Amino acid sequence: PALQGNAMINGKAIDYNLLLFNGDQSDTNPFEEDNNTGKAVTFRSRYNATDDLQIGYSLYYDVGLSSDVMSHGVQFEYTYDDFRLLGEGVWGDIDSSSSAADLNHFGWFIQPSYSFDNGLTPYFRFEHYDPNTDISEDHGFDAVLGVNFNFNGLIFKLENNYFFGADNSTLGTLPGNGYNEIKGAIVVGF
117 PALQGNAMIN
127 GKAIDYNLLL
137 FNGDQSDTNP
147 FEEDNNTGKA
157 VTFRSRYNAT
167 DDLQIGYSLY
177 YDVGLSSDVM
187 SHGVQFEYTY
197 DDFRLLGEGV
207 WGDIDSSSSA
217 ADLNHFGWFI
227 QPSYSFDNGL
237 TPYFRFEHYD
247 PNTDISEDHG
257 FDAVLGVNFN
267 FNGLIFKLEN
277 NYFFGADNST
287 LGTLPGNGYN
297 EIKGAIVVGF
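Count the sequence shown with this note's numbering and you get residues 117 to 306, in order.
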């Protein structure tokens, strides 16, 4: 089941979604059979604080067969004329009921961009992720430099991602603790 709606707070719009669905299971396809007692809950809300600022929050909670999962996320979008700033932070934990260790994670990104009148939008994004806050030097980063070009609904995208990590991260095992990846795409918008 799901509940969704919207309202006005101080003359500004807020919308929300609340979902309840099958929880974690390993015996069958979770979309075919409900053979567990645990259920997962997802909540998402977005508030238009001003004409230029949008703030969001999300929550995921699941009581699983071998662990409980709780994740939170906050998001913002700020627009001033042709300038746009996006950001998000996520954190959560997995509490294990077995002998496995509990896990706490944290991540965030920030992305400024500017849209020119000719359809060109350069952007930069910096991301950080720490898969286990209890382990030192296991975090990683991603620095993205990209550009979008919108030509009558046909969008061309090109970006360079530079992934690098701390010594105890998966990326830390690579020469130079990271690598570059160049991506391109053509998208038809309608």
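A virtual CB, placed ideally from N, CA and C, is assigned to each residue, including glycine.
All values reported here derive from a predicted model rather than from experimental measurement.
Collapsing the DSSP output to three states places PRO228 in a strand. A straight line joining the alpha-carbon of ASN266 with that of LEU169 spans about 24 Å.
DSSP places THR166 in the coil class of the three-state scheme, outside both helix and strand.
Residues of the same chain with a CB within less than 7 Å of the CB of ASP209, apart from the 5 flanking positions on each side, are MET186, ASP218, LEU219, ASN220 in chain order.
Per DSSP, ASP209 is one residue of the beta strand (DSSP E) stretching across 199-212. A check of alpha carbon separations from VAL263 across GLY269, TYR132, LEU236, GLY281 identifies LEU236 as the nearest. Beta-bridge analysis with DSSP links ILE125 to LYS128. Nearest neighbour of LEU135 by Cα position, chosen from TYR239, SER161, GLY223, GLY269, turns out to be SER161.
For THR237, the enclosing beta strand (DSSP E) stretches over residues 236-246. A buried status is given to GLY281, since no fewer than 16 other beta-carbon atoms sit within 10 Å of its beta-carbon. If the five residues before and after MET124 are omitted, its C-beta is found closer than 8 Å to the C-beta atoms of ILE130, all from its own chain and listed in chain order.
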